[in-house]
Amino acid sequence: ETGVTQSPTHLIKTRGQQVTLRCSSQSGHNTVSWYQQALGQGPQFIFQYYREEENGRGNFPPRFSGLQFPNYSSELNVNALELDDSALYLCASSQPSSGGETQYFGPGTRLLVL
Amino acid sequence: KQEVTQIPAALSVPEGENLVLNCSFTDSAIYNLQWFRQDPGKGLTSLLLIQSSQREQTSGRLNASLDKSSGRSTLYIAASQPGDSATYLCAVANQAGTALIFGKGTTLSVSS
Numbered sequence: 400e401t402g403v404t405q406s407p408t409h410l411i412k413t414r415g416q417q418v419t420l421r422c423s424s425q426s427g428h429n430t431v432s433w434y435q436q437a438l439g440q441g442p443q444f445i446f447q448y449y450r451e452e453e454n455g456r457g458n459f460p461p462r463f464s465g466l467q468f469p470n471y472s473s474e475l476n477v478n479a480l481e482l483d484d485s486a487l488y489l490c491a492s493s494q495p496s497s498g499g500e501t502q503y504f505g506p507g508t509r510l511l512v513l
Numbered sequence: 029k030q031e032v033t034q035i036p037a038a039l040s041v042p043e044g045e046n047l048v049l050n051c052s053f054t055d056s057a058i059y060n061l062q063w064f065r066q067d068p069g070k071g072l073t074s075l076l077l078i079q080s081s082q083r084e085q086t087s088g089r090l091n092a093s094l095d096k097s098s099g100r101s102t103l104y105i106a107a108s109q110p111g112d113s114a115t116y117l118c119a120v121a122n123q124a125g126t127a128l129i130f131g132k133g134t135t136l137s138v139s140s
């Protein structure tokens, strides 16, 4: 059973650019959630996808968007990057429909916006 | 709006001590509560998950308790080791399969 993987591990962008982060869910998991973790803070929920549909969204602007693919891998896209977008981005997969409510997190992508 | 608070923010103990980390939440109508460990710059590792109907869960040297009515959970670590040094995060889910709401964490340092 493979765990949750994310790519890239680190990324540097400049203000105004766009970025795409990728996540591969744990085998058999159909739900993926994305979180943003600023330095010294707990993770903040961005959105969740269940079977390719958005299934909940946190307090993030529309320039944060996502996709989930038929193989349950996922992307997080951020447009018009701002300095405050610098953070660790975490994805987590789970299988709630089978009673598996534990969320399994990937290692994260650290994004720095200059 | 659910808010999760963790106290203390940081804790330093000598090896071998038993210790307790605290987590409180403002809305007692939770679905479950989860404790995670995070090493510096890394992702989160799930330690224990307590369903709202449960009072505690144990895994090895870790024991987590839940008192929904008072909005509190504690993580008890027995016989602490330097390898336990990390940030411990508490998170609640208000409904099944939904977003986790995290506290800011307690950073633990265990010295040998």
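Quick note, the sequences are listed as chains A and B, same order. This note's numbering applies: residue 400 is where the first sequence begins, and numbers increase by one. This note's numbering applies: residue 29 is where the second sequence begins, and numbers increase by one. The beta-carbon is built from N, C-alpha and C at its ideal position, and this holds for glycine as well.
Cβ of residue i within 8 Å of any chain A Cβ
i              : result
K96 (chain B)  : no
T126 (chain B) : yes
N60 (chain B)  : yes
K29 (chain B)  : no
F53 (chain B)  : no
L117 (chain B) : yes
G99 (chain B)  : no
G131 (chain B) : yes
Cβ pair residue i, residue j closer than 8 Å
i              : j              : result
G505 (chain A) : T404 (chain A) : yes
Q85 (chain B)  : E43 (chain B)  : no
Q34 (chain B)  : C118 (chain B) : yes
I411 (chain A) : L489 (chain A) : no
L75 (chain B)  : L94 (chain B)  : no
S432 (chain A) : A491 (chain A) : yes
G131 (chain B) : G441 (chain A) : yes
L487 (chain A) : R509 (chain A) : yes
T102 (chain B) : V41 (chain B)  : no
CB contact below 8 Å: residue i versus chain B
i              : result
T501 (chain A) : yes
Q467 (chain A) : no
S492 (chain A) : no
S432 (chain A) : yes
Q435 (chain A) : no
Q425 (chain A) : no
F504 (chain A) : yes
L489 (chain A) : yes
P461 (chain A) : no
P442 (chain A) : yes
Q447 (chain A) : yes
G455 (chain A) : yes
For residue i: DSSP bridge partner residues
i              : result
L17 (chain B)  : This structure cannot speak to residue 17 (chain B), because chain B is shown only from 29 to 140.
K412 (chain A) : A:V512
Q405 (chain A) : A:C422
A119 (chain B) : B:Q62 and B:F130
D95 (chain B)  : B:R100
T135 (chain B) : B:A38 and B:T115
N50 (chain B)  : B:I35 and B:T102
Q436 (chain A) : A:L487
E452 (chain A) : A:Y449
E84 (chain B)  : B:S93
Straight-line Cα distance separating residue j from residue i
i              : j              : result
Q62 (chain B)  : T115 (chain B) : 14 Å
L420 (chain A) : S464 (chain A) : 11 Å
I129 (chain B) : C422 (chain A) : 21 Å
T134 (chain B) : A37 (chain B)  : 5 Å
N527 (chain A) : F459 (chain A) : What is shown of chain A runs 400 to 513, which leaves residue 527 (chain A) out entirely.
R83 (chain B)  : A92 (chain B)  : 8 Å
R462 (chain A) : S139 (chain B) : 44 Å
Q30 (chain B)  : S81 (chain B)  : 19 Å
R450 (chain A) : A107 (chain B) : 43 Å
A57 (chain B)  : A121 (chain B) : 9 Å
Q416 (chain A) : H409 (chain A) : 16 Å
S98 (chain B)  : I445 (chain A) : 28 Å
S52 (chain B)  : S87 (chain B)  : 21 Å
Could you run through the region 72 to 92 of chain B and flag, in chain order, every residue whose CB is less than 9 Å away from some CB of chain E?
-> The question asks about chain E, but that chain is absent: this structure's protein chains are A and B.
Output the residue ranges of the beta strand (DSSP E) runs that lie fully inside the region 460 to 505 of chain A and measure 3 residues or longer, sorted by chain position.
-> 463 to 467, 473 to 477, 486 to 494 and 499 to 504
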